[in-house]
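Peer 1:
Numbering (UniProt numbering), first residue to last: 1 to 216.
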């Protein structure tokens, strides 16, 4: 009978010991001294996360500053382009812009060949009036004055050509003109009303109109 009870007594003792060890382990786990390392580890992770977040915020701020700088530069470049573009739509001082060409109305009175050379010296030609729209423009801006235009028949009497050697496709002759009055009227002037009249090339009582392509 005794030999049968001994294992049971040992078993109860072991169970009791195991129970005490478990309780002790649980107490150690929740004891402030045991919790502290856990909290320290958690705090360390939080600090690293905050550091990473701060770094990311700094990077974002740097990116924002760079973008703002780039935007200012682009706005400055855009403003410069607008200024340059606006300059392309402005003729030289004293010239008028119309349909892609610049025009200069000189009220100085000189003979035809002088007027032709004066325009050439400015990178222009005596005006070639080859359509009614251009005629309307120059008549409107003539201010009731007379001007030499780039038409003549110096080379071949009765065959009028423009200073660029092109033939006449549009004309606005005054009534009875051209008449080569006195057999010496080889150059063409625009009268006060815009009509054309052949006149002596040496006549120096007329201004002139220069024309050149609009360029930037």
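The C-beta atom is built at its ideal place from N, Cα and C for all residues, glycine as well.
1. If you reduce the DSSP assignment to three classes, tell me which class residue 206 lands in.
2. Check this for me: beta carbons of residue 125 and residue 212, under 9 Å apart or not?
3. Would you say residue 118 and residue 208 are within 9 Å of each other, going by their C-beta atoms?
4. To which residues of the same chain is residue 160 closer than 6 Å at the C-beta, ignoring the five residues directly before and after it?
5. So for residue 199, helix, strand or coil by DSSP?
6. Which runs of the beta strand (DSSP E) spanning at least 3 residues fall entirely within the UniProt domain "C-type lectin" (98 to 201), listed in chain order?
7. When the Cα atoms are used, what is the spatial distance from residue 149 to residue 174?
8. Rank 195, 191, 147 by C-alpha distance to the C-alpha of residue 170 and give the top, closest one.
9. Count the other CB atoms within 10 Å of the CB of residue 133; is the residue buried (16 or more) or exposed (fewer)?
10. Would you check if there are 3 or more beta carbon pairs closer than 8 Å linking the region 91 to 99 to the region 175 to 191?
11. Output the distance between the C-alpha atoms of residue 66 and residue 49, rounded to the nearest integer angstrom.
12. With distances taken Cα to Cα, identify the nearest neighbour of residue 172 among 135, 201, 69.
13. Out of 47, 57, 73, 112, which has the shortest C-alpha to C-alpha gap to residue 210?
14. Taking the CB atoms as reference points, tell me whether residue 188 and residue 200 lie closer together than 9 Å.
15. Going by the DSSP bridge assignment, what does residue 211 pair with across the sheet?
16. Please classify residue 71: is it buried, with 16 or more other beta-carbons within 10 angstroms of its beta-carbon, or exposed?
17. Give me the DSSP bridge partner(s) of residue 96.
18. Can you tell which of 147, 18, 60, 44 has its C-alpha closest to the C-alpha of residue 128?
19. For residue 155, which option in 73, 186, 62 has the closest C-alpha, if you only look at C-alpha atoms?
20. Given that a residue counts as buried once 16 or more other Cβ atoms are within 10 Å of its Cβ, and exposed if not, what is residue 116?
21. Between the C-alpha atoms of residue 20 and residue 43, what's the straight-line distance to the nearest angstrom?
Peer 2: With the structure as the only source:
1. Residue 206: coil per DSSP, three-state reduction.
2. Yes, the pair counts as a contact, with Cβ atoms nearer than the cut-off.
3. Yes.
4. 151, 153, 168.
5. The answer is strand: DSSP assigns residue 199 an E or B state.
6. Within the UniProt domain "C-type lectin" (98 to 201), the complete beta strand (DSSP E) runs of at least 3 residues are 101 to 106, 147 to 152, 187 to 190, 196 to 199.
7. Taking the straight line from one Cα to the other gives about 14 Å.
8. Among 195, 191, 147, the Cα nearest to that of residue 170 is on 195.
9. Residue burial annotation: residue 133 is exposed, with fewer than 16 other C-beta atoms found within 10 angstroms of its C-beta.
10. For the pair of segments examined, the region 91 to 99 was found not to touch the region 175 to 191: the number of CB pairs separated by less than 8 Å stays below three.
11. Their backbone Cα atoms lie some 26 Å apart in a straight line.
12. For residue 172, the closest of 135, 201, 69 by C-alpha to C-alpha distance is 135.
13. The shortest C-alpha separation from residue 210 is found at 112.
14. Contact flag unset, no.
15. DSSP, once it has assigned bridges, lists 103, 125 as partnering residue 211.
16. Counting C-beta atoms within 10 angstroms of its own C-beta, residue 71 has fewer than 16 neighbours from the protein chains shown and is therefore classed as exposed.
17. DSSP links residue 96 through a beta bridge to 103.
18. Closest option to residue 128, judged by alpha-carbon separation, among 147, 18, 60, 44: 147.
19. Distances from the alpha-carbon of residue 155 to those of 73, 186, 62 put 186 closest.
20. By the Cβ-count criterion, residue 116 is buried, with 16 or more other Cβ atoms from all chains shown falling within 10 Å of its own Cβ.
21. Cα to Cα, residue 20 sits roughly 32 Å from residue 43.
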